[in-house]
Ligand code: G3D
Ligand code: MG
């Protein structure tokens, strides 16, 4: 149920995720590999499951004996995105205790993607996702000034006794410009890889668009603005 705003119809559509996992033959030639690095921050109230989610995603394990995160933990995940592209994801697992202080600005610096997580069985963690979103949007933007893509994750969907229903999540996601939302269970490994793939897919497309824009504008500028080439920077 990952949803994404569809620019073509101004509405929403279900996004099907497709990643080529297997390398295809390339007539025996070794393809040139491009490597991309993305910094992704994982934020939300304490105990919603951020560290468990990262652990599940990176190591496919779930442990009950974590110490609460103090400060920030880093994890690296390497994805083979296609025959020619490798992605390095740097995951910053930020302690919830550090919320909304000057410190978050340091954590958010240069982030290109964000996960905001809440616990479906803890209503205040859901309400606080708005504060987290505002905090990120006010301190962190992409190079073109737009907000960084932000996924809203409703964790612990394996548990009964929910305190938040789907309609409320849907409304919050739409009204506050999240990139997508889905229920997850770090414990059961539900939608963990899928939600990350969705975010990576969005980040990749934004990066490619930005690369194309800068290529196009430099191509456009060269003939139209010949005086630029006479500019002297020495
Ligand atoms: P945090 O990093 O956001 O602070 P943690 O959260 O990953 O440390 O998890 C906090 C508690 O929630 C842990 O329980 C952890 O096992 C549990 N948890 C995390 N994700 C899930 C989930 O998807 N389902 C369920 N049922 N529990 C989850 P303890 O008991 O160790 O404090
Ligand atoms: Mg933690």
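In UniProt numbering, the protein residues as written are 1 to 234. Backbone N, C-alpha and C define an ideal beta-carbon position, used for all residues, glycine too. Given the structure is predicted, the values throughout are model-derived calculations rather than measurements.
Quick one: Cα of residue i to Cα of residue j, how far?
i           : j           : result
residue 7   : residue 52  : Residue placement at residue 7 is flagged as unreliable, the pLDDT there being 36, under the threshold of 50; the coordinate-derived value follows with that caveat. Spanning the two alpha carbons is a distance of roughly 33 Å.
residue 192 : residue 56  : 7 Å
residue 92  : residue 75  : 7 Å
residue 47  : residue 180 : 22 Å
residue 50  : residue 182 : 15 Å
residue 44  : residue 131 : 9 Å
residue 168 : residue 175 : 11 Å
residue 105 : residue 187 : 30 Å
residue 22  : residue 88  : Note that residue 22 scores 38 on pLDDT, short of 50, meaning its location in the model is unreliable; the coordinates nonetheless yield the value given after this. Straight-line Cα distance between these residues: approximately 18 Å.
residue 211 : residue 36  : 12 Å
residue 109 : residue 140 : 7 Å
residue 145 : residue 120 : 32 Å
residue 154 : residue 184 : 6 Å
residue 114 : residue 147 : 10 Å
Would you check whether the ligand MG has a heavy atom nearer than 6 Å to the C-beta of residue i?
i          : result
residue 50 : yes
For the ligand G3D, I want to know if residue i counts as a neighbour, meaning its beta carbon is within less than 6 Å of at least one of the ligand's heavy atoms.
i           : result
residue 47  : yes
residue 155 : yes
residue 187 : yes
residue 89  : no
residue 37  : no
residue 213 : no
residue 152 : no
residue 60  : no
For residue i, count neighbouring Cβ atoms within 10 angstroms of its own Cβ and tell me buried if that reaches 16, exposed if not.
i           : result
residue 112 : buried
residue 151 : buried
residue 59  : exposed
residue 61  : exposed
residue 202 : buried
residue 159 : exposed
residue 33  : exposed
residue 24  : Its pLDDT being 45, under 50, residue 24 is placed unreliably by the model, and nothing is read from it.
residue 206 : buried
residue 171 : exposed
Looking only at DSSP bridge pairs, what is residue i linked to?
i           : result
residue 50  : In the DSSP output, where bridge partners are listed per residue, residue 50 has none listed.
residue 119 : 155
residue 90  : 39 and 76
residue 34  : 85
task: At 4 residues or longer, and completely inside the stretch 128-212: list those alpha helix (DSSP H) runs for me, N to C.
output: Listed in chain order, the alpha helix (DSSP H) runs fully inside the stretch 128-212 are 129-139 and 166-175, counting runs of at least 4 residues.
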